[in-house]
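Below: one structure, written as C-alpha cells.
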Amino acid sequence: MPTPDEPRPIPGTAQQADADPSRSARDGSAAVPPGAAGAPAHRRLLGLVVVLAALVLVVDQLTKAWALRALADGLRRPVLDSLLGLQLVFNPGAALSIATGMTWVLTIIAATVVVVVVRVSRRLGSTGWALAFGLLLGGAVGNLVDRLVRAPGPARGHVVDFIAYGHLFVGNVADVAIVAAAVLVVLQTMRGVQLDGSRPERVARGGAAASADDVPQ
Numbered sequence: 367m368p369t370p371d372e373p374r375p376i377p378g379t380a381q382q383a384d385a386d387p388s389r390s391a392r393d394g395s396a397a398v399p400p401g402a403a404g405a406p407a408h409r410r411l412l413g414l415v416v417v418l419a420a421l422v423l424v425v426d427q428l429t430k431a432w433a434l435r436a437l438a439d440g441l442r443r444p445v446l447d448s449l450l451g452l453q454l455v456f457n458p459g460a461a462l463s464i465a466t467g468m469t470w471v472l473t474i475i476a477a478t479v480v481v482v483v484v485r486v487s488r489r490l491g492s493t494g495w496a497l498a499f500g501l502l503l504g505g506a507v508g509n510l511v512d513r514l515v516r517a518p519g520p521a522r523g524h525v526v527d528f529i530a531y532g533h534l535f536v537g538n539v540a541d542v543a544i545v546a547a548a549v550l551v552v553l554q555t556m557r558g559v560q561l562d563g564s565r566p567e568r569v570a571r572g573g574a575a576a577s578a579d580d581v582p583q
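Written as C-alpha cells, this is what we have:
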C-alpha cells in the first residue's frame, strides 16, 4: 500500500501496470528488454526461411535435371490416369504459359520478388510467414535460375516444366512451392497475423477490455 507521500498509480496507465504485476502478466503488457527474447526467435525464423528456400531450390533443380534426362522424348507419361502425368515442356512464359513473349520482363519480376522477400524477412516474427517466405523464395529462385542459365540465353531462358495437370498446364516443383506460399499468405492474412507475429485486432480488443476494467463500478 502506498504511503501518504507516495504518488498513487493512475488507473489505465503503465504506472498502474507496474504496480500490479499480476495484471501485467495477464494482459501481456509486462515490459521486455529490447532484444532479450526477440533476437533468438528472429534468428530461428530467418534460419527457417533460408533452410526451406534452399530445400525447395535443391529439389526443384534435381527434379528438373531428372526430367531433362528421363523425359527427353517429350511424350506424356500418365501417373494418375488423365489427371496427372509427366511431360517435358520448355516454358518461355509464366504459369499457364502466360506472357510467352515477355521472358525478359518475367526475369526482372522474379529477381524483384527475391530481393523483396529477402528484405522483408528482416521483420519476421511469425512461423507461418516464415514458411510462406521460405517457399516463395525457393520457388522464385528455382525458376529464376532457369531463366538465367538455360537456352536460348541469359535472362531469356525457358523454364523446365514436367508435371502435367490433366490437359490444363504443365508446371514444376518451384511452381508448387509458390502456390503453397500463396495459400499460406492468404491464410495468415485472413487470420490477421502481421509479419512480426502481432494481431492488431486482438490487441485492440484486449485494450478495450482493460479500459472497461478501469471504469468504476
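Heads up, the numbering used here is the position in the sequence shown plus 366, with the first residue counted as 1. Even for Gly, the Cβ is constructed at its ideal location relative to N, Cα and C.
N- and C-terminal bounds of the beta strand (DSSP E) containing residue i
i: Gly-451; result: 450–457
i: Val-525; result: 525–531
i: Leu-446; result: 443–446
Cβ pair residue i, residue j closer than 8 Å
i: Gly-500; j: Val-415; result: yes
i: Ala-506; j: Arg-513; result: no
i: Gly-467; j: Gln-453; result: no
i: Leu-497; j: Leu-550; result: yes
i: Gln-427; j: Gly-508; result: yes
i: Arg-442; j: Ala-530; result: yes
i: Gln-554; j: Gly-459; result: no
i: Ala-477; j: Leu-510; result: yes
i: Val-526; j: Phe-456; result: yes
Per-residue burial, residue i [other beta carbons within 10 Å of its own, 16 or more giving buried]
i: Arg-489; result: exposed
i: Ile-544; result: buried
i: Gly-563; result: buried
i: Ile-474; result: exposed
i: Ser-448; result: exposed
i: His-533; result: exposed
i: Gly-413; result: exposed
i: Ala-547; result: buried
Terminal residues of the alpha helix (DSSP H) in which residue i lies
i: Gly-500; result: 493–515
i: Gly-537; result: Here Gly-537 belongs to no alpha helix (DSSP H); instead the beta strand (DSSP E) covers 535–537.
i: Arg-485; result: 469–486
i: Gln-427; result: 404–436
Inter-residue CB distance, residue i and residue j (contact presumed, cutoff 8 Å)
i: Ala-433; j: Phe-528; result: 4 Å
i: Gly-451; j: Leu-561; result: Going by Cβ atoms, the distance from Gly-451 to Leu-561 rounds to 38 Å, so no, they are not a contact pair.
Are at least three pairs of beta-carbons, each pair with one atom in the stretch 474–487 and one in the stretch 535–543, less than 8 Å apart?
No, the stretch 474–487 does not touch the stretch 535–543.
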